[in-house]
Structures are given as structure tokens and as C-alpha cells.
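A.B. asks: Residue numbers (the numbering used here), protein chains in the order written: chain F, 604 to 935; chain P, 604 to 935; chain Y, 604 to 935. First, the structure itself, so that you have it in front of you.
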Amino acid sequence: MKHYITTADWDQAALQEMLDLANEFKQGATSECLKNKSVALLFFNPSLRTRTSFELGTWQMGGHAIVLEPGKSAWPLEFEIGSQMDDVAEEHVIEAAKVLSRYCDLICIRAFPKFVDWQEDKQDKMINAFAKYATVPVINMETITHPCQELAHMQTIQEKLGNPKKKKYLLTWTYHPKPLNTAVANSSLLIASKFGMDVTLLCPNENYLLDDHYMTLAQKNADQYGGSFQVTHNIEEAYAGAEIVYAKSWGALPYFGNWEPEKTIRDQYKHFIVDENKMAMTNNALFSHCLPLRRNIKATDAVMDADYCVAIDEAENRLHVQKAIMSQLINQ
Amino acid sequence: MKHYITTADWDQAALQEMLDLANEFKQGATSECLKNKSVALLFFNPSLRTRTSFELGTWQMGGHAIVLEPGKSAWPLEFEIGSQMDDVAEEHVIEAAKVLSRYCDLICIRAFPKFVDWQEDKQDKMINAFAKYATVPVINMETITHPCQELAHMQTIQEKLGNPKKKKYLLTWTYHPKPLNTAVANSSLLIASKFGMDVTLLCPNENYLLDDHYMTLAQKNADQYGGSFQVTHNIEEAYAGAEIVYAKSWGALPYFGNWEPEKTIRDQYKHFIVDENKMAMTNNALFSHCLPLRRNIKATDAVMDADYCVAIDEAENRLHVQKAIMSQLINQ
Amino acid sequence: MKHYITTADWDQAALQEMLDLANEFKQGATSECLKNKSVALLFFNPSLRTRTSFELGTWQMGGHAIVLEPGKSAWPLEFEIGSQMDDVAEEHVIEAAKVLSRYCDLICIRAFPKFVDWQEDKQDKMINAFAKYATVPVINMETITHPCQELAHMQTIQEKLGNPKKKKYLLTWTYHPKPLNTAVANSSLLIASKFGMDVTLLCPNENYLLDDHYMTLAQKNADQYGGSFQVTHNIEEAYAGAEIVYAKSWGALPYFGNWEPEKTIRDQYKHFIVDENKMAMTNNALFSHCLPLRRNIKATDAVMDADYCVAIDEAENRLHVQKAIMSQLINQ
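Pasting the structure below:
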């Protein structure tokens with residue numbers, strides 16, 4: 604039984620199959636693949652797009668989605684195996700996964716890092732425990748990667764740019780008042796490199812490099828799929844010739860859990876904001892972002908409101924790709 | 604494309620058309636107007652009736668409702684245009700409205716005032732920003748007016764009193780331990796005057812007058828539709844001859860955001876409670892309230908439990924009128 | 604009109620009828636008994652199984668469930684009759700029950716005790732007020748008993764042990780860091796005794812006896828249905844010969860609301876944990892628990908992961924029995 608936890612588990616052809624199916628849904632194809640079936644949506648963190656698109660996508664394919672918020676409307680959950688549960692968690696993932704597998708046909712999880720210890724967070728224990736104990740497929744709604752966003756992003760790129768191979772792709776770090784999750788940034792590298800793009804990661808300095816695991820995967824993908832991967836701290840160099848600019852903020856991994864000094868560093872790089880001047884250096888690039896986005900912090904109003912901003916199209920595509928993912932997992 | 608943000612945008616005939624449709628729904632008419640369609644319900648504030656009736660009404664007409672709570676289950680939203688978003692809001696209404704318009708066919712908003720600055724709150728910026736950027740119709744689930752409640756109220760009045768024209772309508776302020784929203788009071792004046800009733804506003808003193816904007820609209824409606832509008836601070840005068848009494852509490856606008864001194868004033872008027880003695884002064888009046896209502900604070904148990912209390916009927920009518928509103932907006 | 608508030612209101616034959624219907628649902632029988640009907644689910648407390656299984660069960664029978672959380676997404680509710688509502692509650696159960704009865708065809712309530720005054724809590728005022736003022740049937744989703752859990756438990760027992768009569772049933776108290784509700788323990792006694800089992804209650808000492816009301820009902824059921832009921836504080840004696848072990852933690856009633864000294868007592872009985880050694884004393888007993896369960900506090904990993912643990916089957920059965928309960932109440 605296959606889960607959808609990271610695109611690293613799927614090759615380009617398998618992902619393209621899902622993208623093709625997503626395009627069919629977008630063109631009006633219907634499916635009854637979830638008729639009499641149900642989907643559990645577990646949110647440990649807030650959501651607008653993910654929740655709406657999963658709930659609607661399930662309904663459009665004949666099923667029913669249940670939204671649960673562990674720690675709020677549902678019991679707080681423990682994921683450590685063998686734990687003596689004398690802290691706040693009332694229930695273990697083992698039981699939650701097994702019970703939900705009896706009720707539902709798919710289990711979707713949003714579980715952000717705890718932002719205290721990256722070595723701990725990078726193991727992605729919550730969703731991996733669900734995948735281990737569930738007897739139905741598990742879908743990642745964002746943990747330390749965001750593979751649903753990846754497919755929506757790639758669907759948008761293919762719609763706007765055609766074949767992405769060797770197209771110049773820029774992932775730029777931007778400032779944000781809080782140290783955010785690296786999930787979408789990791790995912791950006793994974794998906795762009797898997798489709799053979801020439802990928803550049805722009806970040807202020809070495810502190811803002813992404814985890815080696817994802818950097819290495821990006822290089823491996825580049826080698827396998829005919830693209831390239833490079834890192835730069837130079838804004839002009841990064842934007843020059845770019846055909847798509849993707850923006851995301853994240854906290855510096857070397858300071859993970861030690862966020863006060865990190866903030867001092869981060870505060871020096873507010874000028875990484877995506878603005879019209881930077882976009883003018885590109886090769887008429889598209890701009891996108893996973894949303895939510897703080898306007899005039901990560902990108903200016905002018906960029907967000909420009910015709911080349913495709914963030915809303917990408918958000919719409921969440922619905923179509925997630926229907927494709929659910930359809931593929933339920934029919935395996 | 605027409606929104607349903609305030610009844611001031613709709614004339615009596617258009618509202619009567621919605622009331623007639625609501626009556627058909629109440630008599631058992633069915634509609635499939637939301638088949639394969641979905642409705643986003645955004646609640647910035649709590650709800651029992653509104654949420655239940657919108658969610659059910661959508662389902663009864665073949666659609667699916669998504670409930671989102673910005674700031675809780677969904678991201679906190681900014682509505683100021685041009686804002687540099689370095690505060691708590693993670694997302695701007697511009698994106699939220701555009702994205703939800705891609706997923707859903709109607710967007711409904713409950714966004715109460717912030718109770719700090721009335722000049723700010725009275726601009727109703729949140730729902731107006733949604734209306735500006737959404738590409739689907741927007742419905743007001745209570746902001747600084749409550750136009751869904753208005754129609755349910757008028758449906759109830761017509762059911763119980765027949766043609767409302769020249770019927771004596773009393774809106775009475777009542778005490779409440781907290782300074783509440785003027786929305787339902789504003790709405791009470793708007794709808795009663797729009798249907799030509801003889802409207803009296805009873806409040807303790809000038810501090811509790813409603814905003815000029817709504818007082819003026821009430822007078823204009825009275826002039827246009829053949830009713831009248833007067834204000835009094837005299838309880839006996841107000842109740843004498845009334846055929847329907849509608850109760851609501853609100854905080855004094857001149858003290859808006861400065862609620863400590865306001866409370867000292869408000870505490871002197873607990874005797875504005877609707878009780879049997881006051882109801883005995885009327886012309887066998889009906890009593891109603893939008894609910895929720897604090898018993899023995901705003902109205903006594905005896906009044907709430909009396910046969911002349913039609914608040915439960917009015918609450919039921921929320922379902923019927925909202926189906927009518929959604930039906931009209933989706934079919935425009 | 605019959606509610607489902609406690610199994611004490613239903614005799615064995617009536618409960619068996621629901622169990623038989625639940626088995627039919629489990630075998631794949633379908634029902635459209637909730638077509639065009641809706642169910643209000645009011646949660647004053649968290650839930651995973653109850654919410655998921657009620658929402659899905661409603662949907663599977665053609666209906667729509669509305670989830671409301673009074674005090675969070677919905678208004679806080681008052682249940683005292685005649686109260687002058689100047690505290691936090693914005694709405695009285697009288698109105699909530701009447702209004703929801705206009706919208707919905709069943710009302711389900713989860714309202715745990717407040718843990719301050721047992722004499723107050725044991726009156727179960729919230730759900731009783733709903734039952735008094737609602738004009739549709741009311742179902743208990745756990746208050747001071749948990750009658751839905753009872754049926755799921757008995758369905759599981761019958762599946763695994765056949766006719767439960769004279770089978771040896773052990774309800775064992777276990778340690779938990781917090782003083783929990785006695786609801787499931789009360790329910791355990793009620794249902795096991797109603798089906799003629801030989802019921803033993805094991806608890807550390809007299810402080811942990813259950814309320815006399817439920818102990819007396821258990822003895823009456825034993826007399827009527829041919830089983831027996833005994834209490835012991837001796838672990839070896841309790842486990843010897845048991846054919847099913849049910850575990851639950853609860854706070855000591857004599858210390859109700861005075862939880863600090865109670866914790867000192869409770870902390871001495873961590874060895875009541877269900878482990879392999881204790882299970883080895885039984886007659887190859889099944890183990891079950893209502894879930895959520897803190898692993899290695901109430902039962903060890905080895906017990907939870909053993910083949911004789913039927914807690915997941917019991918959780919699944921929640922779905923089937925609740926469909927049976929809703930079906931019976933809606934068709935009465």
C-alpha cells in the first residue's frame with residue numbers, strides 16, 4: 604500500500620500521471636472514486652486552502668471528509684513509540700491511526716515541526732507513525748515537506764511554461780517576522796529538480812541553507828532528470844534570466860530552537876522582499892507563492908497584483924491535484 | 604454581480620420576492636440550485652443559528668458548505684489595503700477572497716466590530732474587502748448589520764401580523780453586562796421602516812442612539828414606504844399600543860472603545876428588561892429577539908415562555924430566508 | 604418520544620434489538636432513515652471516535668451532521684432554569700434546544716462533569732435540560748454515563764464471547780495523572796450487569812467506589828438478569844478467572860472538587876496498570892478500553908498490542924451501534 608508522504612518516493616513519470624489526471628479534473632472530468640468512502644483530515648495547524656480543497660475534493664468525488672483538530676476538538680496525540688504517556692497527550696497515534704482506518708478510507712495529516720529541535724523534527728515522526736499503523740493510505744497535508752503544494756506548483760508551471768525542463772527556476776528566501784517551516788522550500792527544490800529545471804536557491808547566507816537531505820536530493824534529481832542545482836547569496840545573479848520566481852521564508856536551521864539570536868540575523872535581510880525591481884531583472888518571469896503571504900513583507904502589492912503572479916492559479920490547482928492524489932491512492 | 608451585504612441595497616419589492624421564496628421553502632418547496640456547488644462560511648465570531656442554518660440550507664439545496672474560522676482553524680486575515688503585514692495577520696483578504704472564489708460559489712462572512720473605534724468599525728472593511736476581491740457573491744452573516752436576521756424577522760412579522768404597513772413596531776434597548784454590537788438594532792430599524800411600519804426606537808438616553816447613518820436611513824425608508832420613525836426615552840410611551848416588541852442590547856456609541864465609563868451608565872438601566880408589566884401596556888404585542896438572549900437580563904422567563912414570544916419561529920425562519928438569499932444570488 | 608440518555612431506561616431486549624441492528628449494519632446493511640434529515644452534534648468536550656463515527660454514521664444513512672462546540676464556535680450555554688444570566692453564558696438551553704429542534708431531527712450531546720461538585724454533576728443537568736426542551740430525540744454522547752460506548756462494548760463482547768450471561772467480567776480502575784470522569788466506569792457496570800454477566804469492580808480502596816446510584820443499579824440488574832456483582836480491592840482475586848478485563852481511570856468521589864489531596868492517594872496506585880502479569884492470571888481474558896488510552900500508564904504496550912486487546916474492534920463498533928441508535932430513535 605502506497606502513501607503520499609514525500610514526492611521523493613515517486614518518480615517523475617508517476618507524478619506526471621497524477622498531474623495529467625489533475626488536468627482532466629480541471630477540464631471538468633468527474634469521478635465517483637470516493638462514493639460511500641470517507642477521508643479523515645487531521646489538522647495540528649491552521650489551514651485555509653488545504654482544508655477547503657481537501658474537503659471539497661472529497662465531496663466532489665462522492666465521499667465525506669471529517670475534519671479533526673488534535674489538541675483542540677480532538678484529543679492531543681503522542682507519537683513516540685514506547686512512551687510512558689504521563690504528559691498532555693491522551694491518546695497514542697497507534698490507536699488513532701488504527702481506529703481512523705476502521706472508519707475512513709484515507710487519512711490526511713498536517714503536522715508542522717515543533718521548532719525546538721530540528722534533528723527531532725526532521726524525522727517527521729507524527730506522519731510516519733500514522734503511516735506505520737494506519738491500514739489505509741496516508742497523505743501529507745504539510746509536515747516538513749508539502750507534497751500536495753508541489754504538484755499544484757508543477758501543474759501551474761506546466762500550464763504557463765509548457766515543458767519545465769531546463770527552464771530557469773528561482774527559489775528565493777524572503778524575510779518574515781517569524782521563523783517559519785522549511786517545508787515548502789524543501790518541496791520547491793524537490794519538485795523543480797524532479798522535472799529537470801535549472802534550479803537556483805537564493806538565501807542571505809549559509810545560515811539559511813536548507814537541510815542537507817533536501818539539497819542532496821535536489822542535486823540527485825538534477826543529475827537524474829537533466830537539470831541543474833546551484834546556491835547563491837547574490838540577488839542580482841539569482842534573478843538574472845529566471846523564468847519563474849518562487850518565494851518562501853524560513854528560519855535558519857543552525858539556530859533552530861534558539862530563535863532570539865536568529866531573529867537578529869533575519870532582521871538584516873528584509874530587502875530580500877520580491878519587488879518590481881527584482882522581477883525586472885528576470886526573463887519575464889512568473890511569480891508564485893504557496894500562500895498565505897504577508898503582503899509588503901515577502902512580496903510587494905505590485906508583484907502580488909501583477910499579471911505574472913500565478914499564486915491564485917496555483918491555489919486553485921490544489922483542488923485538482925489533491926483529487927488526483929486521492930484518486931490514485933484509493934484505486935491502488 | 605450583486606452581493607447581499609445590507610438591505611439598504613435592496614428595495615422592498617426585491618426583499619419581498621426573497622420573502623415569498625422563503626415562504627415557499629417553508630411550505631416544502633425544494634431546490635437543487637446549489638447542486639455541485641459549494642459555499643464558504645467564514646466565522647470570525649461564534650454562531651449557533653447562523654452556522655447551522657447556512658450549513659443545512661446549503662446541503663438541502665444540493666451543495667456543500669465549508670466552515671472556516673480565521674484566526675483559529677484558518678489563518679488570521681488582514682483587510683487594510685496597502686498594509687505592510689508585520690502584525691498577526693498571515694494572509695490578506697485579497698488572496699483569501701480570490702482563492703475561495705476559485706473553490707466556492709458563494710462566500711458568507713461573519714465579522715463583528717473590534718469595539719475599539721466606531722469610525723473604523725462602521726466602514727465594515729472586512730466584508731467590503733471580500734466583496735471587492737471575490738469573484739462570487741458575498742453574503743453578510745452579521746457585521747455592523749445583520750441582513751439575514753432582518754429577513755427572518757420580517758417573514759415572522761408577516762406570518763403573524765399580515766401586512767406590516769402602519770403596524771406599531773417597537774425596538775427597545777435592553778441592558779446586557781457587556782457592550783454589544785449595534786448590528787441587529789441597525790437592522791431592526793432598516794427592515795421595519797422598509798416595510799412601512801410605524802417604528803419607535805426606545806433607548807435610555809441620547810448616548811444609546813444608533814449611528815446617524817441608520818437613523819437617517821430609517822427616516823428615509825419611512826418617508827418612501829409610508830411608515831414613520833420616532834425616538835423616545837420614555838418606556839410607557841414606547842410600549843403603548845405596540846404590536847410587536849423587538850429587544851436588543853448595545854453599547855453607547857459616544858463611549859465606543861472607552862467601555863469602563865460606559866458600563867457605569869449602562870448599569871443604571873437594568874429596568875429596561877422586557878417583562879410582563881411592560882408587555883401588558885402594548886396592544887397584545889408579539890415579542891421577539893434575534894437570539895442568543897440572556898434570560899432575566901434582557902427579557903424575563905415569563906416573556907420568553909409566553910405564547911406571544913415568536914423568537915423560536917424567527918430563528919427557524921433563518922433557514923428559509925437564507926435558502927432564498929443563496930438561491931437568488933446564485934441564480935442572478 | 605424516547606431519548607437515549609442512559610441504558611437504565613432500556614431493558615435488555617430493547618438493547619439487544621439495537622445490537623442486532625448494529626450487527627446488520629456491520630454486515631453491510633444500508634439505511635436511508637436519515638435522508639433529508641439532519642443531526643446536531645454538540646460537543647462541550649473533545650472527541651475523536653464519537654465525532655467521527657456520528658458524523659459518518661449520519662452521512663451513511665443519508666443525513667447531514669452539524670458539529671457545534673458551545674463556548675468555542677458556538678455561544679456558551681446556561682442550563683439552570685430560572686437563572687439570571689449575568690455570567691458567561693450568552694444563551695439558555697431552552698432556546699438552543701428549541702431552535703435546534705426546528706433545524707435538526709436528532710440532537711446529540713457530549714457534556715462532561717465540571718469536576719467541582721459531584722452532587723451537582725450527578726444530576727446531569729445539561730443533557731436533561733436538552734431532553735426537556737427539545738422536540739426531537741436526544742442522544743447522550745457521554746455525560747456522566749456513556750451509553751453509546753456501552754452498546755459498542757457489548758457488541759464486541761457478544762462477537763468475541765458469544766452469550767455474555769455468567770461470563771466473568773472485570774472492570775478495573777487504573778491510575779491516570781488526572782482525575783477523570785466516572786462515566787465509562789458507570790456505564791461498564793450498567794451494561795455488563797444488564798446482560799447477566801458476573802461483574803467484578805476492582806478499585807484500590809473505598810474512595811474509588813462508584814456512585815451508589817450505579818452500584819445499586821448494577822446489583823438490581825444482576826438480580827434481574829441472572830448475573831452477579833461484587834467489589835474487591837484485591838488484584839489477584841479480581842483477575843482470577845476473568846474472561847474480559849475492561850480498564851478505566853476515575854477520580855475518587857469523596858474528594859470530588861478537592862483534587863489535590865486526592866492526587867496524593869491516587870499516586871499510590873500506579874501498579875493498577877494492566878500488564879501481562881495480571882492478564883496471565885485470567886482465564887485467557889480479552890482486554891478492552893473505551894479509548895483514548897495513555898499507554899504505559901493505564902495499560903502496557905504489550906497488553907495494547909496483544910491479540911486479546913479488542914479496543915480497536917470496540918471503537919469500530921461505535922459506528923455501527925450509533926447508526927442503530929439513530930435509526931431506532933428516528934423511526935419511533
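For glycine and all other residues, C-beta sits at the position ideal for the given N, C-alpha and C.
1. With 7 Å set as the bound, which would you pick, yes or no: does the beta-carbon of Q663/Y sit closer than that to a beta-carbon of chain P?
2. So what does DSSP say about S641/Y, is it helix, strand or coil?
3. If I follow the unbroken beta strand (DSSP E) through N887/F, where does it start and stop?
4. To test your reading of the DSSP string, which unbroken alpha helix (DSSP H) runs of 4 or more residues are found completely within the stretch 722–797 of chain F?
5. Quick one: list the residues of chain P neighbouring L922/F, beta-carbon separation under 7 Å, in chain order.
6. Based on Cα-Cα distance, which residue from K763/Y, D727/Y, L783/Y, A643/Y lies nearest to Q889/Y?
7. Just to confirm, is the Cβ distance from V906/Y to A755/Y under 7 Å?
8. Quick check on V691/Y: buried or exposed, where buried means 16 or more other Cβ atoms within 10 Å of its Cβ?
9. Which term fits A927/Y, buried or exposed, when burial requires 16 or more other beta carbons within 10 angstroms of its beta carbon?
10. May I have the straight-line CA-CA distance separating I900/P from D724/Y, to the nearest angstrom?
11. Does the separation of the CB atoms of V696/F and F682/F fall below 7 Å?
12. Considering L804/Y, what are the terminal residues of the beta strand (DSSP E) in which it resides?
13. Could you tell me which chain P residues have their CB closer than 8 Å to the CB of N899/F, listed as they occur along the chain?
14. Is the shortest distance between the beta-carbon of P895/F and the beta-carbons of chain P less than 7 Å?
15. Compute the beta-carbon to beta-carbon distance between K629/Y and G666/Y, rounded to the nearest angstrom, for a pair I have assumed lies under 8 Å.
16. Along chain Y, which residues have their Cβ under 7 Å away from the Cβ of W678/F?
17. Take the Cβ of A845/Y as the centre, count every other Cβ of all protein chains shown within 10 Å, and call the residue buried at 16 or more, exposed below.
18. Between the stretch 691–720 of chain F and chain Y, which residues of the former have a C-beta closer than 8 Å to a C-beta of the latter?
19. For E681/Y, list the residues DSSP reports as bridge partners.
20. According to DSSP, is I876/F part of a helix, a strand, or is it coil?
21. Please decide whether L645/P counts as near chain Y, where near means a Cβ-Cβ distance under 7 Å.
22. Go through its chain and collect everything with a Cβ distance to A825/Y's Cβ below 6 Å, but skip five positions before and after it.
23. Please check the pair H779/F and S676/F, which I expect to be a contact at CB under 8 Å, by giving their CB distance rounded to whole angstroms.
24. Is the beta carbon of N810/P less than 7 Å from the beta carbon of H836/P?
25. Which residues, taken in chain order from the stretch 798–831 of chain F, show a beta carbon closer than 9 Å to some beta carbon of chain A?
26. Which residues of chain P have a Cβ atom closer than 9 Å to the Cβ of S791/Y, listed in chain order?
27. Taking only the alpha-carbon atoms, compute the straight-line gap between L618/Y and R654/F and give it to the nearest angstrom.
28. Could you tell me whether the Cβ atoms of A914/F and V877/F are closer together than 7 Å?
29. Do the stretch 765–782 of chain F and the stretch 728–738 of chain F touch if we need at least three Cβ pairs shorter than 8 Å?
30. Would the beta-carbon of Y872/P be found less than 6 Å away from any heavy atom of the ligand GDP?
31. Could you tell me whether the stretch 862–880 of chain P touches the stretch 783–803 of chain P, where touching means 3 or more Cβ pairs closer than 8 Å?
32. Excluding the five sequence neighbours on either side, which residues of its own chain have a C-beta within less than 6 Å of the C-beta of L774/F, listed in chain order?
33. I'd like the list of long-range same chain contacts for L894/Y, defined as Cβ closer than 7 Å, with 5 residues on each side in sequence excluded.
34. What does the Cβ neighbour count give for K717/P, buried or exposed, with the cut at 16 atoms within 10 Å?
35. N626/F to M800/F, Cα distance in whole Å?
36. By DSSP, does V913/Y sit in helix, in strand, or in coil?
C.D. replies: Let me spell this out:
1. No, its Cβ sits nowhere closer than 7 Å to a Cβ of chain P.
2. Here S641/Y sits in strand by DSSP.
3. Going by DSSP, N887/F is part of no beta strand (DSSP E) at all; its letter is neither H nor E.
4. With a minimum length of 4 residues, the continuous alpha helix (DSSP H) runs that stay inside the stretch 722–797 of chain F are 728–736, 750–764, 786–797.
5. Below the 7 Å Cβ cutoff, chain P contributes Y706 as neighbours of L922/F, in chain order.
6. For the record, residue 889/Y in the displayed sequence is Leu; it is not Gln. Ranking the options by Cα distance to L889/Y, first place goes to K763/Y.
7. Not closer than 7 Å, so no.
8. With fewer than 16 other beta carbons inside 10 angstroms of its own, V691/Y counts as exposed.
9. Under this definition A927/Y is a buried residue.
10. Each residue's alpha carbon lies about 26 Å from the other.
11. Yes, they are a contact pair.
12. Run containing L804/Y: 801–805, per the beta strand (DSSP E) assignment.
13. Per Cβ cutoff of 8 Å: G685, S686, Q687, M688.
14. Judged by the 7 Å Cβ criterion, P895/F is in contact with chain P.
15. No, K629/Y and G666/Y are not in contact; Cβ-Cβ is about 19 Å, not under 8 Å.
16. Near W678/F (Cβ distances below 7 Å), the residues of chain Y are P649, L651, P895.
17. Result: buried.
18. Answer in chain order: A692, E693, E694, H695, I697, E698, A699, K701, V702, L703, R705, Y706, C707.
19. Beta-bridge pairing links E681/Y to H695/Y.
20. The answer is coil: DSSP assigns I876/F none of H, G, I, E or B.
21. No - not a single Cβ of chain Y is within 7 Å of the one on L645/P.
22. Sequence-distant Cβ neighbours of A825/Y in its own chain, meaning closer than 6 Å and more than five residues away, are S796, S831, F832.
23. Not really, about 28 Å apart at Cβ, beyond 8 Å.
24. Not a contact, by the Cβ cut-off of 7 Å.
25. Absent from the structure is chain A; the protein chains it does hold are F, P and Y.
26. The premise fails here: S791/Y is roughly 34 Å from chain P at the closest Cβ pair, so nothing lies under 9 Å.
27. Whole-angstrom Cα-Cα distance: 39 Å.
28. Contact flag unset, no.
29. With a cut-off of 8 Å, the stretch 728–738 of chain F and the stretch 765–782 of chain F do not count as touching, because too few Cβ pairs lie within range.
30. Inclusion of the ligand GDP in the displayed structure is not the case, the ligand content being empty and no account of it being possible.
31. The way I'd put it, the stretch 862–880 of chain P doesn't touch the stretch 783–803 of chain P; fewer than three beta-carbon pairs between them come closer than 8 Å.
32. Non-local C-beta neighbours of L774/F in its own chain, meaning closer than 6 Å and more than five positions away in sequence, comprise S791, L804, Y849, ordered along the chain.
33. Closer than 7 Å at Cβ, skipping near neighbours: R652, A914, A918.
34. With fewer than 16 neighbouring CB atoms inside 10 Å of its own CB, K717/P falls in the exposed class.
35. Answer to the nearest angstrom: the Cα atoms are 21 Å apart.
36. In this structure, V913/Y counts as coil in the three-state DSSP scheme.
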